[in-house]
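A.B. asks:
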Amino acid sequence: MLTIQNLKSKIAQSPYQAYVYSYPHKTAYRPLTPPIYLPELWTQQDRQALFLYIHIPFCEMRCGFCNLFTTVSHNEDFISQYVRTLQRQAQRMKAVLGDASFARFAIGGGTPTQLPIGHLETVLDIAENTMGAKLQEIPISVEVSPETATEEKLKLLRSHSIDRVSIGVQSFIESEVLATQRRQSNTQVEAALARIKEAEFPTLNIDLIYGLPGQTINTWLQSIHTALRFQPEEIYLYPLYVRPLTGLGRTDKEWDDIRLACYREGRSLLLSQGYTQVSMRMFRRVEEGQGGQGRQGSNISLLSPPSSLSPSSPPSPVYCCQADGMIGLGCGARSYTNTLHYSNEYAVGAKGISEILQAYIQTADESFDYAHYGFQLNAEEQRRRYILLSLLSDEGLNFVSYRQQFGSEVYADFPEFSELLALNLAIKDEDILQLTEFGIERSDTIGAWLFSEKVQELMQDYELK
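Quick note on the working numbering: the sequence shown kicks off at 26 and runs consecutively.
1) Tell me the residue span of the alpha helix (DSSP H) that contains H144.
2) Measuring alpha carbon to alpha carbon, tell me which residue in A128, V202 and G193 is nearest T138.
3) Would T145 and L203 qualify as a contact pair, given that the criterion is a beta-carbon distance under 8 Å?
4) Closest to E65 by C-alpha separation, out of G472, T362 and F442, would be which residue?
5) Assess contact between the region 155-169 and the region 185-199, defined as three or more Cβ pairs (one per stretch) separated by less than 8 Å. Is contact present?
6) Drop a sphere of 10 angstroms on the beta-carbon of D419, count the other beta-carbons inside from all chains shown, and report buried for 16 or more, exposed for fewer.
7) What are the uninterrupted segments assigned as alpha helix (DSSP H) that are 4 or more residues long and contained completely in the region 177-245, given in chain order?
8) Quick one: Cα of I452 to Cα of F130, how far?
9) Drop a sphere of 10 angstroms on the beta-carbon of D469, count the other beta-carbons inside from all chains shown, and report buried for 16 or more, exposed for fewer.
10) Are the CB atoms of T495 and I198 nearer to each other than 8 Å?
11) On the criterion of 16 or more Cβ atoms from any shown chain inside 10 Å, does P269 qualify as buried, or is it exposed?
12) Excluding the 5 residues preceding and the 5 following P171 in the sequence, name in chain order all residues of the same chain whose CB lies nearer than 6 Å to its CB.
13) What would DSSP say about G464, mapped onto helix, strand or coil?
14) Do you know how far the Cα of P440 is from the Cα of N449?
15) Suppose contacts are defined by Cβ-Cβ distances below 8 Å. Is R306 in contact with G236 by that definition?
16) CA-CA distance, V425 and Q106?
17) Would you decide whether T173 is buried or exposed? Buried here means 16 or more other CB atoms lie within 10 Å of its CB.
18) Reducing DSSP to helix, strand and coil, say where M307 ends up.
19) Decide yes or no for the touch test of the region 394-403 against the region 430-445: beta carbon pairs closer than 8 Å, at least 3 of them.
20) Please state whether DSSP places T138 in a helix, a strand or coil.
21) Around the Cβ of D454, are there at least 16 other Cβ atoms within 10 angstroms (buried) or fewer (exposed)?
22) Within its chain, find whatever has a CB closer than 7 Å to the CB of P40; leave out the 5 residues flanking it on each side and keep chain order.
23) Measure from the alpha carbon of S34 to the alpha carbon of each residue in Q485, L294 and W474, then state which is nearest.
24) Please classify H250 as buried or exposed, where buried requires at least 16 other C-beta atoms within 10 Å of its C-beta.
25) Is the distance from the Cβ of A128 to the Cβ of A43 below 8 Å?
26) Counting only the same chain and skipping the five closest in sequence on each side, list residues whose C-beta sits under 8 Å from that of E225.
27) Excluding the five sequence neighbours on either side, which residues of its own chain have a C-beta within less than 6 Å of the C-beta of I234, listed in chain order?
28) Do T136 and F83 count as a contact pair if the criterion is CB distance below 8 Å?
29) Beta-carbon within less than 7 Å of I381's beta-carbon, same chain only, minus the 5 sequence neighbours each way: which residues are those?
30) Residues bridged to Q401 by DSSP?
31) Rounded to whole angstroms, what is the Cα-Cα separation between Q459 and Q347?
32) Within 10 angstroms of its Cβ, does G432 collect 16 or more other Cβ (buried), or is it exposed?
33) What residues in its chain sit with their C-beta under 6 Å from that of R113, if we drop five residues either side in the sequence?
What follows is the structure, given as structure tokens:
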């Protein structure tokens with residue numbers, strides 16, 4: 026239950042208690058008994074503005090802070106088996122969906138460019154020719170790493186109309202990078218960034234992390250200044266979260282908490298350099314003449330219209346993360362409908378990930394027609410998710426849109442929301458509730474406060490593999 030006492034006590038603590046990026050969290054998923062037949066599920070969903078996500082769970086190394094579903098594998102045969110399984114799953118899902126349109130497409134991981142170039146091309150072919158995504162008409166994002174952003178692979182991505190490349194640099198201070206058990210040199214990173222700029226992707230995103238071992242506010246600002254030399258259209262500033270079963274999580278080190286100071290200084294620097302803040306983590310550069318495009322592309326980068334369309338291109342649907350569905354292909358991907366979020370099981374440890382990957386590769390074709398593991402969203406959970414995704418972005422929570430979506434009023438459903446105003450965490454401008462500067466930096470706290478008791482209990486009871 027949302028309570029003012031609960032929120033007050035949470036706000037008084039560190040803003041970095043848990044990383045909130047989706048709802049419900051995957052640790053709230055459980056086996057679905059009986060499994061849910063996907064053709065029946067998806068016929069009840071609007072399929073004209075879907076998000077297509079393909080997950081590639083391979084990396085060249087395992088970073089000390091990483092709790093993603095990914096593995097270090099250079100076994101060509103295993104990678105080939107994984108890509109073939111992706112093809113089989115895509116064929117079944119296309120039959121499940123029937124007439125569907127995709128408004129966005131992303132390849133994440135892991136590191137998709139860790140794939141050999143032939144397999145990377147196959148993944149793009151799965152999206153375009155198997156699933157029917159019109160790559161030339163929709164926004165497409167691909168994650169790369171400094172080591173794998175080769176000229177050949179960037180050229181392939183650009184030739185398939187990919188318009189956004191996201192690269193995880195984390196820090197331009199080599200000692201800080203090494204402390205996270207990550208190997209990369211500044212020479213290698215800057216060469217990769219130069220290649221990305223030369224390839225002329227419309228959007229370059231650079232990820233940086235604050236709170237790293239040995240980091241100071243000055244070295245943090247130094248990393249941001251170095252990133253700005255490459256004029257990225259987007260920059261994500263991530264606080265370090267040390268999670269169980271990760272490399273850093275296995276140490277006995279006590280963490281010097283300078284994260285809030287780093288966030289504030291980094292935010293001020295980016296705002297002074299012509300960036301607008303979209304969420305706690307995301308900053309987007311707004312060029313002169315773009316007007317309100319920064320807000321139009323809000324909601325954690327999921328609502329922006331296609332940036333690569335020419336004036337003569339046909340219009341394509343715009344994806345809305347609060348209301349539209351997502352199709353996830355690959356072992357670690359999630360899929361979303363209004364009433365069900367589903368995926369494969371989740372693990373962080375190498376043994377657990379290996380077992381889940383092997384099970385995925387051995388999945389029979391017919392089994393892809395069912396959801397076996399996930400979370401069913403009742404009316405309350407749907408409302409909470411809508412609120413969380415809206416409120417934690419610069420778009421804010423629109424009371425009129427909420428009423429149109431659910432046929433009820435925000436304050437009637439959640440009267441405790443008025444306390445966000447009382448605690449200076451949000452302001453209400455006409456029919457929109459938006460976080461204040463203070464509220465934005467407490468986004469993860471507010472997000473966790475919005476979790477239902479059921480989701481919190483499931484997350485607490487989850488045994489991490």
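Yeah, the Cβ is synthetic: ideal placement off N, Cα and C, and Gly gets one too.
C.D. replies: Reading from the atomic positions:
1) I142 to D150
2) G193
3) A small fix is needed here, since residue 145 is Leu in this sequence, not Thr. Not closer than 8 Å, so no.
4) T362
5) yes
6) buried
7) 199-204 and 211-223
8) 34 Å
9) buried
10) Absent from the model: residue 495. The displayed extent of the chain is 26 to 490, so no value can be given.
11) Residue placement at P269 is poorly supported in this model, since its pLDDT is 44, which falls under 50; the coordinates are not used for a value here.
12) Q209, Q213, V214 and A217
13) helix
14) 16 Å
15) no
16) 48 Å
17) buried
18) strand
19) no
20) helix
21) exposed
22) L285, E466, R467, D469 and T470
23) W474
24) exposed
25) no
26) R183
27) Q195, Y263 and L265
28) yes
29) C356, N369, E370 and A372
30) L365
31) 16 Å
32) exposed
33) D390
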